[in-house]
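Our numbering numbers the first residue of the sequence shown as 141 and each following residue consecutively. Glycine included, every Cβ here is placed at the ideal spot set by N, Cα and C.
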Amino acid sequence: MGTPAGFAYHDEQGTVTITHHGRPAGTLRGAAAARFLAAVARGDDQQLLMARVTGNYKHGNERRAREHPRNRGR
């Protein structure tokens with residue numbers, strides 16, 4: 141738990157489509173797609189990379205938000 145999973149990507153003519161559990165999560169074109177593919181080629185963790193690109197990852201503030209007064213009792 142805590143590690144991203146369920147992401148996949150498809151590269152088609154310079155456009156990278158990222159899916160999460162089969163549903164579209166993001167599309168990269170141009171320089172962003174090139175950076176993504178270069179990172180994948182370097183051997184970076186693909187799941188973490190796709191989670192970061194799509195914005196679907198923990199930001200580190202979840203515990204602080206849970207302890208905020210307006211969220212207490214939930």
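Residue of the options minimising C-alpha distance to residue i
i    : options                : result
R163 : A173, T155, Q153, Y149 : Y149
A145 : A171, T167, M190       : M190
F147 : R212, N211, G195, H208 : G195
T143 : E207, H208, L188       : L188
Buried or exposed (CB count within 10 angstroms, at least 16 for buried), residue i
i    : result
A173 : buried
Residue i (DSSP reduced to helix, strand or coil)
i    : result
T157 : strand
P164 : strand
A171 : helix
A191 : helix
R212 : coil
A178 : helix
Which residues DSSP lists as bridging residue i, in chain order
i    : result
D151 : V156
Cut-off 6 angstroms between Cβ atoms - residues of its own chain near residue i, not counting five sequence neighbours on either side
i    : result
T157 : H150, T167
H161 : G146
Beta-carbon contacts of residue i that lie in its chain and below 8 angstroms, excluding the five residues immediately before and after
i    : result
T159 : F147, A148, Y149, H150, A165
H208 : none
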